[in-house]
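Laid out in C-alpha cells, this is it:
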C-alpha cells in the first residue's frame, strides 16, 4: 500500500512506509507504538540524567512514574 504525495511543484515524491513495521505471528508492531515507546524511554533516561546532575536521587523518579 504505497501512497505517493507529490510536493507542490518541486518534482519529488514521498512514498509512505505503511503503518506496520513488522509482523511476528500474532504480534504486529506499528510505527506509532515504536514512537511512543521510544519517547517514554528517552523521557525516563533524560529525567534520570537531569536528576543526577542536580543532586537528586534518581530512584525517586520511579515513584513519580
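In our numbering, the protein residues as written are 3 to 67.
Just so it is clear, CB atoms sit at the ideal spot from N, CA and C, and this is done for glycine as well.
Beta-ladder partner(s) of residue i, from DSSP
i          : result
residue 26 : 29
Cα-Cα separation between residue i and residue j, rounded to whole angstroms
i           : j          : result
residue 108 : residue 17 : No statement about residue 108 is possible, as the shown extent of the chain runs from 3 to 67 and does not include it.
residue 33  : residue 21 : 6 Å
residue 23  : residue 55 : 36 Å
Helix, strand or coil at residue i according to DSSP, with G and I counted as helix
i          : result
residue 42 : helix
Rounded distance between the beta-carbons of residue j and residue i, thought under 8 Å
i          : j          : result
residue 53 : residue 66 : The Cβ separation is near 10 Å, so there is no contact.
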